[in-house]
Amino acid sequence: MNDSYPSQSSLRGTKILLIDDTPQHCILIQKVMKVCMPNVELLIATTGEQAKDKLNELISQHERLPRLILLDLYLPRKDDGWTLLQHLKATTSPLRLIPVTLLSHSGSSDDIQTSYHLGANSYIVKPLDYPQWMTYFESLSQYWLYTVAPPFR
Numbered sequence: 001m002n003d004s005y006p007s008q009s010s011l012r013g014t015k016i017l018l019i020d021d022t023p024q025h026c027i028l029i030q031k032v033m034k035v036c037m038p039n040v041e042l043l044i045a046t047t048g049e050q051a052k053d054k055l056n057e058l059i060s061q062h063e064r065l066p067r068l069i070l071l072d073l074y075l076p077r078k079d080d081g082w083t084l085l086q087h088l089k090a091t092t093s094p095l096r097l098i099p100v101t102l103l104s105h106s107g108s109s110d111d112i113q114t115s116y117h118l119g120a121n122s123y124i125v126k127p128l129d130y131p132q133w134m135t136y137f138e139s140l141s142q143y144w145l146y147t148v149a150p151p152f153r
């Protein structure tokens, strides 16, 4: 590993914003993150409006923005996820620079293509069980927290 990569302890203060309206998914992701990313703070919003409020509050209080946004496509409707994605990518604030990973049970090529067209940085079909979630979050952690240089720290 390159010396410029962050260590687990240097991730303190790092945030990930999860936007998902399914309580079971939020609980599962919290559990998985405690194992895979113990020093990363998980912020949770259950609606697009709640997510915008949380992000605007971070900006107004000059706090560190999330390193990554995990966005459920169906909030509860597909258009809700896409509307929020479009808002995030169209803004002139630093929010547009935060990578957004879409999470969905849909593996539809139309959903995937539309998500990328609207500015998603990645698209993940939601895993079916806990071991698959663990594998996914280990990969997510390695890529988004250790490999990719973030737009801001």
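With the UniProt record's numbering, the residue at position 142 of the sequence shown is 142, and numbering never jumps. From the three backbone atoms N, C-alpha and C, an ideal C-beta is built for every residue, glycine too.
Among the candidates L68, V40, V35 and N39, whose CA atom is the shortest distance from the CA of A51?
Nearest C-alpha to A51: L68.
Report yes if the CB atom of residue 214 is closer than 7 Å to the CB atom of L43, and no otherwise.
Only positions 1 to 153 of the chain appear in the structure, and residue 214 is not among them; the question remains open.
Taking Cβ positions, are W144 and L118 nearer each other than 7 Å?
Cβ distance not < 7 Å, so W144 and L118 don't count as in contact.
Given this structure, state the Cα-to-Cα distance separating D20 from N39, to the nearest angstrom.
C-alpha separation (whole angstroms): 21 Å.
Could you tell me which of P150, Y130 and Y74 sits nearest to P94, measuring between CA atoms?
In this structure, P150 is the residue among P150, Y130 and Y74 with its C-alpha nearest to the C-alpha of P94.
Residues sharing a beta bridge with D72, DSSP:
Under DSSP, the beta-bridge partners assigned to D72 are L103.
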